[in-house]
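A.B. asks: One line per chain: the protein sequences are H and W, in this order. Read in full-length UniProt numbering, the first sequence has 74 at position 74, and its numbers run on one by one without any break. Read in full-length UniProt numbering, the second sequence has 160 at position 160, and its numbers run on one by one without any break.
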Amino acid sequence: MGRELQKQPQQEMASAVEQLLAVNPYNPDILPDLENYVNEQVSSETYSLDANLCLLRLYQFEPERMSTQIVARILVKALMAMPAPDFSLCLFLIPERVQMEDQFKTLIILSHYLETGKFRQFWDEAAKNRHIVEAVPGFEQAIQAYAVHVLSLTYQKVPRSVLAEAINIEGLSLDKFLEHQVANSGWILEKGGKGQLIVIPPNEFNHPELKKKSSDSIPLDHITRIFPILG
Amino acid sequence: MASYDYDDSRANYDDPRHAPVSSPAGQDIGYDPNFVPDSVKSFVVHLYRHIREKNVYETHQMYETSFQSLSDRLFKDTPWPSVDAVAHFVDNDHVFCLLYREMWFRHLYARLSPTLKQRIDSWDNYCSLFQVVLHGVVNMQLPNQWLWDMVDEFVYQFQSFCQYRAKMKNKTEQEIALLRQFDQAWNVYGVLNYLQAFVEKSSIIHILEEEKEGLEQFTATDGYDYSGGSSNVLKVLGYFSMVGLLRVHCLLGDYHTGLKCLLPIDISQQGVFTSVIGSHITTIYHYGFANLMLRRYVDAIHEFNRILLYIYKTKQYHQKSPQYEQILKKNEQMYALLAICVSLCPQVKLVDETVNSQLREKYGEKMIRMQRYDEEAFAIYDELFSYACPKFITPSAPSFEEPLVNYNQDAYRLQLKLFLYEVKQQQLLSGVRTFLKVYSTISLGQLAIYMEVDESTLRTILLTYKHKTHAVDSVGKIMSNADVDFYIDDDIIHVVESKPVNRYGDFFLRQIVKLEGMINDLDRVKLD
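(1) Per DSSP, which one or two residues make a beta bridge with K191 of chain H?
(2) Can we say the region 170-186 of chain W touches the region 144-162 of chain W, given the rule of at least three CB pairs closer than 8 Å?
(3) Counting only C-beta atoms, is N186 of chain H closer than 8 Å to chain W at any point?
(4) Out of W:D38, W:A110, W:T59 and W:D483, which has the shortest C-alpha to C-alpha gap to Y297 of chain W?
(5) With DSSP collapsed to three states, give me the class of S480 of chain W.
(6) Going along chain W, which residues have a C-beta under 8 Å from Y155 of chain H?
(7) Can you give me the C-alpha to C-alpha distance between M80 of chain H and V148 of chain H, rounded to a whole angstrom?
(8) Could you list the residues in the region 83-96 of chain H with a C-beta less than 9 Å from some C-beta on chain W, going in chain order?
(9) Excluding sequence positions up to five away, which residues of its chain have a Cβ less than 7 Å from the Cβ of D50 of chain H?
(10) So what does K167 of chain W bridge to, in DSSP terms?
(11) Let me know the secondary structure DSSP gives P398 of chain W once reduced to three states.
(12) Report the residue ranges of all alpha helix (DSSP H) runs contained in full by the region 349-433 of chain W; include only those spanning at least 4 residues, in chain order.
(13) Per DSSP, what are the beta-bridge partners of T441 of chain W in this structure?
(14) Verify the CB distance criterion: does P395 of chain W have a CB-CB separation below 8 Å to chain H?
(15) Indicate, with yes or no, if the ligand NAD has a heavy atom lying under 7 Å from the CB of H135 of chain W.
(16) For the region 316-326 of chain W against the region 335-345 of chain W, are there 3 or more C-beta pairs whose distance is under 8 Å?
(17) Specify, as a first and last residue, the run of the alpha helix (DSSP H) that H206 of chain W falls within.
(18) I want to verify the contact list: residues of chain H whose CB lies under 7 Å from the CB of I512 of chain W, in sequence order.
(19) Between E62 of chain H and chain W, is there a C-beta pair that is closer than 8 Å?
(20) Give the range of the alpha helix (DSSP H) segment to which H180 of chain H is assigned.
(21) Under 8 Å between C-beta atoms, does R57 of chain H make it to chain W?
(22) From the DSSP output, in three-state form, read off A471 of chain W for me.
(23) Y504 of chain W: buried (16+ other C-beta within 10 angstroms of its C-beta) or exposed?
(24) Taking only the alpha-carbon atoms, compute the straight-line gap between L47 of chain W and S66 of chain W and give it to the nearest angstrom.
(25) One question on the structure: do I493 of chain W and T441 of chain W come within less than 8 Å of each other, judged by their Cβ atoms?
(26) Using C-beta distances below 7 Å, list every residue in its chain close to S67 of chain H, excluding the 5 sequence neighbours before and after it, in chain order.
(27) Chain H partners of G476 of chain W, CB-CB under 8 Å?
(28) Any idea if K171 of chain W is buried or exposed, counting beta-carbon neighbours within 10 angstroms, 16 or more meaning buried?
(29) What are the start and end residues of the beta strand (DSSP E) that includes P159 of chain H?
(30) Helix or strand or just coil, what does DSSP make of F104 of chain H?
(31) Can you name, in chain order, every residue of its own chain whose Cβ lies under 7 Å from the Cβ of Q144 of chain H, other than the five neighbours on each side?
(32) Within 8 Å of any Cβ in chain H, is that where the Cβ of Y126 of chain W sits?
(33) Quick check: the Cα distance between V199 of chain W and G244 of chain W, rounded to an integer number of angstroms?
(34) Closer than 7 Å by C-beta to E18 of chain H: which residues in its own chain qualify, once you throw out the five before and the five after it? Chain order, please.
(35) Indicate whether the contact test is met: 3 or more Cβ pairs, each with one atom in the region 92-100 of chain H and one in the region 152-166 of chain H, closer than 8 Å.
(36) Would you call the CB atoms of V150 of chain H and G192 of chain H closer than 8 Å?
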């Protein structure tokens with residue numbers, strides 16, 4: 001009950017901002033609204049790439065109005081959107097001299113580790129920079145979800161130790177995590193030669209034979225072109 | 001008409017000596033802005049009459065051919081006569097005078113180098129012209145070519161202004177005073193809002209949607225509107241403005257938003273954008289480039305391949321066109337971009353044989369070196385990117401504070417740096433690919449030995465391979481770009497080679513439409 005009441009203004013804000021973006025995206029006056037919306041996304045654990053890119057664009061047009069604190073939040077949120085390329089999309093719009101600041105250098109290194117599958121280095125670096133990433137709720141879970149995503153593109157069966165390193169969870173907490181995945185995502189635990197193996201449910205990327213033959217289907221709107229001829 | 005580069009190649013990044021050296025326009029000795037040769041008088045009188053009579057064909061002829069030949073003959077290195085000198089031949093018609101000045105400036109930009117004052121005046125002229133169109137008091141039918149050129153030139157002059165303004169070092173006091181005084185000229189908000197206003201006021205997005213349902217005709221009539229007293233100007237400007245927005249956003253480095261602006265146009269089909277070669281090329285060039293930056297290599301390869309094949313087959317028909325040089329230039333740039341895409345994502349099967357042989361001829365040797373991912377390879381990526389990228393701009397005004405610095409290369413350097421960063425992240429993938437191609441199964445331990453890395457490093461390389469070859473599309477769906485794919489079962493790698501996807505369905509659809517068109521044409525033939 002209480003939670004629902006709280007949710008109301010958030011949704012209103014989101015739809016108000018979406019409205020602004022739709023009606024007039026190239027308007028310098030919406031800058032403060034977009035900044036508030038970034039903070040709102042952080043506290044309510046929501047995300048809007050379009051709104052954030054729009055804000056970065058306004059900063060690009062009027063660099064004197066830029067708030068580096070807001071930019072940092074946008075970048076952390078973009079990291080959390082992996083595997084989407086949002087982090088690069090944001091960097092393309094942020095002037096190089098701003099990217100030289102320490103907090104941004106750190107974020108760029110974090111992004112590099114995620115982009116290149118170096119999860120151990122990522123978690124080590126993140127631990128050294130708690131003040132940046134802990135400011136945004138849901139950070140850890142989002143990165144874990146990304147790690148699980150890449151693993152499930154890659155593995156049919158993944159050794160427990162590899163999973164543990166990627167999501168940075170060990171021991172009892174890992175058991176609990178696995179229990180949850182078994183119950184909700186169809187994971188299966190198996191005894192392997194060197195330790196526990198986790199069977200990840202099949203998808204078209206770790207079981208390429210499941211790939212839908214896209215050549216067999218034609219989208220309807222392509223066929224509509226010949227409707228007048230057929231008629 | 002638009003005989004300049006689509007992007008400002010005259011100011012080459014690598015070589016500042018390429019900057020224009022001719023004297024400021026309008027100051028040449030012997031140019032009298034009030035002198036109107038008879039041929040010019042006849043040109044404006046006829047053009048005015050054809051526009052008034054809504055004779056699109058004749059208007060197009062005069063616009064495309066006569067203007068060009070008169071320019072070549074009489075105004076090779078001077079501007080055309082001033083608008084004041086010709087106005088009384090055309091009843092001082094307000095809109096015609098605005099159109100004439102638009103062409104006047106376009107010719108000036110193409111052949112001479114505009115002064116700051118002229119840049120500002122041209123901006124004012126666009127504002128007046130666009131206000132007239134946006135307020136719906138125009139009832140002309142103008143050729144698509146002309147309307148495209150208008151949008152194209154508007155964006156070009158904006159880009160050119162940003163480049164010019166960013167070179168602060170050698171600005172005179174007078175120029176700085178002008179820049180301060182007219183700070184609204186070519187302001188980025190103004191530029192974007194005009195394009196956006198065209199899109200909205202024309203309801204073009206709605207029209208294209210209605211067309212899909214068969215409720216409206218736009219593409220079928222090439223955007224022309226033959227019903228009653230209506231005009232195609234606003235609608236078609238709105239349509240081309242979506243391409244204009246794509247281009248501006250690419251110049252700003254905002255690839256996601258750029259592609260979003262283009263979304264209402266289905267580029268997999270023929271459309272009004274394909275009716276003008278310049279618009280067709282600009283659309284696909286920027287679409288492909290944006291997808292390259294978004295790591296959607298397969299999408300980029302698909303469209304580059306299609307347009308390069310199209311240019312290959314049709315360029316002979318454009319040899320006499322004023323755009324011919326530009327077509328060739330963009331053609332070369334897109335081969336460079338295709339070379340980059342195919343090097344990062346070796347889906348050669350997606351490339352047509354003709355295009356592929358051209359590609360090998362132009363870049364075959366470089367592409368082999370690009371596979372090595374050593375310093376030399378990065379230098380080639382750098383070279384191709386710099387040659388083929390859009391001329392990025394910094395849209396903000398200079399600080400005007402001493403010491404004045406040039407910032408015209410900042411945007412380009414940033415995009416280049418981030419692109420090369422991406423290439424470096426992918427540098428180990430070509431090695432993995434080579435091994436995956438020759439095994440159907442191999443253990444992690446064995447592959448690690450071959451690649452001279454430890455097993456846990458190999459696991460990260462394989463994860464990188466999967467991540468980089470699986471792009472996220474605009475609606476968040478994962479698409480595989482992998483030519484060679486694999487999966488790991490505990491510590492055994494199983495390799496799966498992807499099979500080429502033939503799109504027979506589309507092919508048949510196209511042929512059916514083509515045949516129907518031909519039968520219709522034949523039906524119309526009357527034999528005496």
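Don't be surprised by glycine CBs; every beta carbon is placed ideally from N, CA and C.
C.D. replies: In short:
(1) Walking along the first sequence from the start, residue 191 of chain H turns up at place 191. Bridge partners of K191 of chain H: H:Q196.
(2) Result yes; three or more Cβ-Cβ pairs closer than 8 Å.
(3) In the first sequence, residue 186 of chain H corresponds to position 186, counting from 1. Looking at the sequence provided, one finds Gly at residue 186 of chain H rather than Asn. Judged by the 8 Å Cβ criterion, G186 of chain H is not in contact with chain W.
(4) Start at 1 with the first residue of the second sequence, and residue 297 of chain W comes out as number 297. The option with the nearest alpha carbon to Y297 of chain W is W:D483.
(5) Position 480 of the second sequence holds residue 480 of chain W. In the structure shown, the three-state DSSP call for S480 of chain W is strand.
(6) As a working mapping, residue 155 of chain H is identified with position 155 in the first sequence. Simply Y487, I488 and D489.
(7) Position 80 of the first sequence, counted from the start, is the residue given in the question as residue 80 of chain H. Position 148 of the first sequence, counted from the start, is the residue given in the question as residue 148 of chain H. For M80 of chain H and V148 of chain H, the distance between alpha carbons rounds to 13 Å.
(8) P83, A84, P85, D86, S88, L89, L91, F92, L93, I94, P95 and E96
(9) Here the question's residue 50 of chain H lines up with position 50 in the first sequence. If we look at D50 of chain H and ignore the five residues flanking it on each side, its Cβ neighbours are L21.
(10) Locating residue 167 of chain W in the second sequence gives position 167, counting from the first residue. W:N406, per the DSSP bridge assignment.
(11) In the second sequence, the residue the question calls residue 398 of chain W occupies position 398. Coil at P398 of chain W, not helix or strand.
(12) Runs of the alpha helix (DSSP H) lying entirely within the region 349-433 of chain W and spanning at least 4 residues, in chain order: 353-370, 375-388 and 410-425.
(13) Here residue 441 of chain W is taken as the residue at index 441 of the second sequence, counted from 1. According to DSSP, T441 of chain W bridges with W:H494.
(14) As a first step, residue 395 of chain W must be located in the second sequence, where it is residue number 395. Closer than 8 Å: yes.
(15) No copy of the ligand NAD appears in this structure; indeed no ligand is present at all.
(16) no
(17) Along the second sequence, one-based indexing puts residue 206 of chain W at 206. That run of the alpha helix (DSSP H) goes I204 to K212.
(18) Here the question's residue 512 of chain W lines up with position 512 in the second sequence. Here the neighbours are I226 and I229.
(19) To locate residue 62 of chain H, count along the first sequence from 1; it is residue 62. Interface residue, yes.
(20) Indexing the first sequence from 1 puts residue 180 of chain H at position 180. That run of the alpha helix (DSSP H) goes G171 to S185.
(21) Indexing the first sequence from 1 puts residue 57 of chain H at position 57. It does: the Cβ of R57 of chain H has a partner Cβ on chain W nearer than 8 Å.
(22) As a first step, residue 471 of chain W is located in the second sequence; it is residue number 471 there, counting from the start. Here A471 of chain W sits in strand by DSSP.
(23) Locating residue 504 of chain W in the second sequence gives position 504, counting from the first residue. Y504 of chain W is exposed by the Cβ-count criterion.
(24) For the purposes of this step, residue 47 of chain W is taken as the residue at position 47 of the second sequence. For the purposes of this step, residue 66 of chain W is taken as the residue at position 66 of the second sequence. Straight-line Cα distance between these residues: approximately 10 Å.
(25) The residue labelled residue 493 of chain W in the question sits at position 493 within the second sequence. The residue labelled residue 441 of chain W in the question sits at position 441 within the second sequence. Yes; because the gap between Cβ atoms is below 8 Å, this pair is in contact.
(26) Mapped onto the first sequence, residue 67 of chain H falls at position 67. So the list reads E35, once near-sequence residues are dropped.
(27) Here the question's residue 476 of chain W lines up with position 476 in the second sequence. Near G476 of chain W (Cβ distances below 8 Å), the residues of chain H are A84.
(28) In the second sequence, counting from the first residue as 1, residue 171 of chain W sits at position 171. A residue is called buried once 16 or more other Cβ atoms fall within 10 Å of its Cβ, and K171 of chain W is buried on that count.
(29) In the first sequence, residue 159 of chain H corresponds to position 159, counting from 1. Per DSSP, P159 of chain H belongs to the beta strand (DSSP E) from Y155 to P159.
(30) Here residue 104 of chain H is taken as the residue at index 104 of the first sequence, counted from 1. In the structure shown, F104 of chain H sits in a helix (DSSP, three-state: H, G or I).
(31) What you label residue 144 of chain H is simply residue 144 of the first sequence in a count that begins at 1. Hits under 7 Å: I167.
(32) Locating residue 126 of chain W in the second sequence gives position 126, where the first residue counts as 1. No, because no Cβ of chain H sits closer than 8 Å to the Cβ of Y126 of chain W.
(33) The sequence position of residue 199 of chain W within the second sequence is 199, counting from 1. The sequence position of residue 244 of chain W within the second sequence is 244, counting from 1. Here the C-alpha atom of V199 of chain W lies approximately 10 Å from the C-alpha atom of G244 of chain W.
(34) For this step, residue 18 of chain H is matched to residue 18 along the first sequence. For E18 of chain H, where only same-chain residues beyond five positions count, there are no Cβ hits under 7 Å.
(35) The region 92-100 of chain H is not in contact with the region 152-166 of chain H.
(36) Counting from 1 along the first sequence, the entry for residue 150 of chain H is found at position 150. Counting from 1 along the first sequence, the entry for residue 192 of chain H is found at position 192. No. Outside cutoff.
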